[in-house]
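Take the sequence shown: its position 142, counting from 1, is numbered 142 in full-length UniProt numbering, and each next residue is one higher.
Just so it is clear, CB atoms sit at the ideal spot from N, CA and C, and this is done for glycine as well.
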Amino acid sequence: MSTLDALVAVITAGVHDIQAAAAARGASYPGTDAPPSAAGDALQADLAARAAPVVAAAWQLVATLQHPQSYLLDLSFLAHLSSCLAVAEAAYVPDVLREAGEKGLHVREIAAVRNVDAGKLERILRYLASRHVFEEVSPEVFRNNRVSVALCTDKPVEEMVKSPIDRWDGTNGVAALVSLNGADNQRGAAWLAEHLLDPATGHSQEPNEAAWQRAMRTRLTTFEWMEQPAHALHLRKFGNAMRATTSADERAAATRGFAWGALPAGARVVDVGGGVGNLTMALAREHPHLRYVVQDRHAVAQEAEQLWQARMPGFVENGTVTLQGHDFFAEQPVKDADVFVVRYVTHNWADKYATQILARLRAAAQPRTKLVVIDVVADYMSRDGGAAADIPGAAKPQAPAPLLPYPDSATSWTYGMDICMMTLTNCQERTLGHFVELLKGAGWKLDRVCRFESPLPQQLICSPL
Ligand SMILES: C[S@@+](CC[C@H](N)C(=O)[O-])C[C@H]1O[C@@H](n2cnc3c(N)ncnc32)[C@H](O)[C@@H]1O
Numbered sequence: 001m002s003t004l005d006a007l008v009a010v011i012t013a014g015v016h017d018i019q020a021a022a023a024a025r026g027a028s029y030p031g032t033d034a035p036p037s038a039a040g041d042a043l044q045a046d047l048a049a050r051a052a053p054v055v056a057a058a059w060q061l062v063a064t065l066q067h068p069q070s071y072l073l074d075l076s077f078l079a080h081l082s083s084c085l086a087v088a089e090a091a092y093v094p095d096v097l098r099e100a101g102e103k104g105l106h107v108r109e110i111a112a113v114r115n116v117d118a119g120k121l122e123r124i125l126r127y128l129a130s131r132h133v134f135e136e137v138s139p140e141v142f143r144n145n146r147v148s149v150a151l152c153t154d155k156p157v158e159e160m161v162k163s164p165i166d167r168w169d170g171t172n173g174v175a176a177l178v179s180l181n182g183a184d185n186q187r188g189a190a191w192l193a194e195h196l197l198d199p200a201t202g203h204s205q206e207p208n209e210a211a212w213q214r215a216m217r218t219r220l221t222t223f224e225w226m227e228q229p230a231h232a233l234h235l236r237k238f239g240n241a242m243r244a245t246t247s248a249d250e251r252a253a254a255t256r257g258f259a260w261g262a263l264p265a266g267a268r269v270v271d272v273g274g275g276v277g278n279l280t281m282a283l284a285r286e287h288p289h290l291r292y293v294v295q296d297r298h299a300v301a302q303e304a305e306q307l308w309q310a311r312m313p314g315f316v317e318n319g320t321v322t323l324q325g326h327d328f329f330a331e332q333p334v335k336d337a338d339v340f341v342v343r344y345v346t347h348n349w350a351d352k353y354a355t356q357i358l359a360r361l362r363a364a365a366q367p368r369t370k371l372v373v374i375d376v377v378a379d380y381m382s383r384d385g386g387a388a389a390d391i392p393g394a395a396k397p398q399a400p401a402p403l404l405p406y407p408d409s410a411t412s413w414t415y416g417m418d419i420c421m422m423t424l425t426n427c428q429e430r431t432l433g434h435f436v437e438l439l440k441g442a443g444w445k446l447d448r449v450c451r452f453e454s455p456l457p458q459q460l461i462c463s464p465l
């Protein structure tokens with residue numbers, strides 16, 4: 001069978017499978033022109049794993065059908081697609097069109113809301129419509145489709161105009177994350193080649209010497225930069241955007257993977273770099289027989305107190321949860337932990353720093369202490385999984401050729417996020433082989449991997465070496 005035939009076969013069989021699964025629930029799979037509905041969203045989320053090979057095959061079909069030059073040039077323009085999404089978000093286009101309804105709105109009126117040049121916005125929206133975000137219903141008249149609706153904050157536009165900084169509060173964080181990627185995080189991207197080829201900067205592992213700092217002409221880390229009063233909007237955007245990356249993980253991490261429920265009553269779990277304790281909230285709700293310590297920077301731990309009072313009253317007061325200001329580069333104060341958990345912490349730090357964080361935990365560990373690293377694992381694109389593939393739980397089913405071995409990771413944001421991390425702070429997502437080495441260097445042995453569907457993070461269960 002030719003590659004083209006094989007790809008078309010994957011797509012045809014996959015689409016039939018998805019349609020049958022939808023029909024079994026009395027629904028049909030929504031197109032981009034279908035009206036937005038919570039049921040349609042839930043259906044797509046539930047069938048995402050079945051859709052992944054179809055999506056991967058469709059990408060591969062494009063790469064196969066297009067002349068290599070066309071394909072490459074198309075890819076090289078994609079940064080502009082990201083920045084166009086950020087413009088649409090900043091001009092409130094999704095919510096303006098939500099209020100305009102089915103008939104849509106002329107671009108002159110859309111542009112007037114935020115005083116954007118109508119001719120420029122028209123071209124931006126047309127580019128997005130060519131990639132199925134918005135629809136041009138008649139010349140220069142645009143309306144939302146099912147994809148662009150997902151960028152809505154659902155707040156009255158009048159309110160958004162009055163108070164731009166508040167627009168992402170209470171949302172699912174998607175608009176904030178799209179804006180963060182398309183406007184803020186991208187700034188270093190154009191400098192990446194020059195930065196990496198420069199011997200003075202290309203090998204740096206410092207969080208304040210990445211391409212982003214070159215572009216912004218600063219020696220501040222992105223976090224320090226955002227904390228400056230002049231960048232309050234960015235800080236607020238960042239906080240809201242993080243919700244879009246973590247909200248799906250919490251319940252999964254509390255109910256699957258590491259056997260939290262099997263720990264004895266009173267066992268102590270330390271959520272290191274736990275932020276305001278989102279993961280611990282889910283753990284404490286499911287496993288109230290355990291005792292938890294959430295550690296983060298002092299300012300974050302203080303912020304967490306109010307949040308716990310509002311969302312989980314009683315848990316701090318009755319001693320189930322302790323909120324503790326602690327610098328994870330300093331000596332770990334909890335010496336009797338049953339579990340140290342670090343979620344989305346290692347990906348924030350280059351090896352040099354991630355090793356220090358993990359070594360601090362190793363120095364405080366008892367022989368029984370487990371380390372649970374919850375983070376993105378970047379699959380190799382090869383069929384050979386490397387030596388780490390033999391670790392219990394590490395093996396992952398592979399799609400048959402000509403598809404890439406792991407269609408779910410090939411079509412998720414794992415690799416984009418990895419380069420985003422490189423560009424912003426010289427940090428990264430890691431392959432399993434890389435994790436094994438990192439852990440070993442800090443005195444930990446990777447015992448077992450608990451797999452979750454991409455883009456949920458994976459759980460690495462480790463013991464002291
Ligand atoms: C990506 S967030 C992950 C938060 C949390 N683990 C979660 O999954 O929601 C990384 C966390 O590391 C914290 N952090 C950064 N530097 C730290 C340090 N030196 N000591 C303790 N926490 C730190 C940040 O404040 C932030 O809350």
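Annotation for N208: R219, L220, T221 place their beta carbon closer than 7 Å to its own, counting only its chain and skipping 5 residues before and after. Boundaries cannot be given for D166, as no alpha helix (DSSP H) includes it and DSSP labels it neither H nor E. Remark: the shortest separation between the CB of L279 and any heavy atom of ligand 1 falls under 7 Å.
Scanning K396, R25, V377, T280 for the CA closest to the CA of R383 turns up K396. In this structure, the alpha-carbon of E303 lies about 29 Å from that of M422. DSSP places Y292 inside the beta strand (DSSP E), whose first and last residues are 291-296. In the three-state reduction of the DSSP assignment, K155 falls in the coil class, being assigned neither a helical nor a strand state.
Taking the Cβ atoms as the reference, N181 lies roughly 6 Å from S82, within the contact range of under 8 Å. G325 has D296 as its beta-bridge partners, per DSSP. In the same chain as A91, and ignoring 5 residues on each side of it, the C-beta atoms closer than 8 Å to its own belong to I110, A111, V113, R114, V116, L121, in chain order. Judged by DSSP in its simplified three-state form, L7 adopts helix. I110: not part of any beta strand (DSSP E); member of the alpha helix (DSSP H) spanning 107-112, first to last residue. Spatial neighbours of A56 in its own chain (CB-CB distance under 7 Å, excluding positions within 5 residues in sequence) are listed in chain order as L403, L404, P407, A410, T411. Apart from the 5 residues on each side of it in sequence, G257 sits with its Cβ closer than 6 Å to the Cβ of C450, Q459 in its chain, given in chain order. The shortest CA-to-CA distance from Q366 to any of P35, Q332, E305 is the one to Q332. Per DSSP, the unbroken beta strand (DSSP E) holding C462 starts and ends at 458-464. The region 378-392 and the region 290-307 do not touch, with fewer than 3 CB-CB distances between them shorter than 8 Å.
A straight line joining the alpha-carbon of K445 with that of L432 spans about 12 Å. Where F435 is concerned, the enclosing alpha helix (DSSP H) starts and stops at 432-441. In summary, E135 is buried, with 16 or more beta-carbon neighbours lying within 10 Å of its beta-carbon over all protein chains present. Going by DSSP, R268 is part of the beta strand (DSSP E) stretching over 268-272. Between V342 and V272, the gap from beta carbon to beta carbon is short of 8 Å. A direct Cα-Cα distance of roughly 36 Å separates D169 from K370. Taking 8 Å as the cut-off, the Cβ atoms of D95 and K155 count as close. In this structure, A241 lies near A176, with their beta-carbon atoms less than 8 Å apart. Contact annotation: L7 and Y29 have beta-carbon atoms that are not nearer than 8 Å. The beta carbon of V149 lies closer than 8 Å to those of P36, P94, R98 in the same chain, with the five residues before and after it left out. Around the beta carbon of F77, fewer than 16 other beta carbons lie within 10 angstroms, which makes this residue exposed. Within the UniProt domain "O-methyltransferase dimerisation" (74-153), the complete beta strand (DSSP E) segments of 3 residues or longer fall at 135-138, 141-143, listed in chain order. With distances taken between CA atoms, A215 lies nearest to L424 out of G386, G31, L424. Pairing A252 with F452 gives a Cβ-Cβ distance under 8 Å. Taken through DSSP and simplified to helix, strand or coil, K352 comes out as helix.
Following the DSSP letters along the chain, one finds L47 in no alpha helix (DSSP H), marked with neither H nor E. Proximity of the region 269-289 to the region 307-317 meets the contact definition, three or more beta-carbon pairs being nearer than 8 Å.
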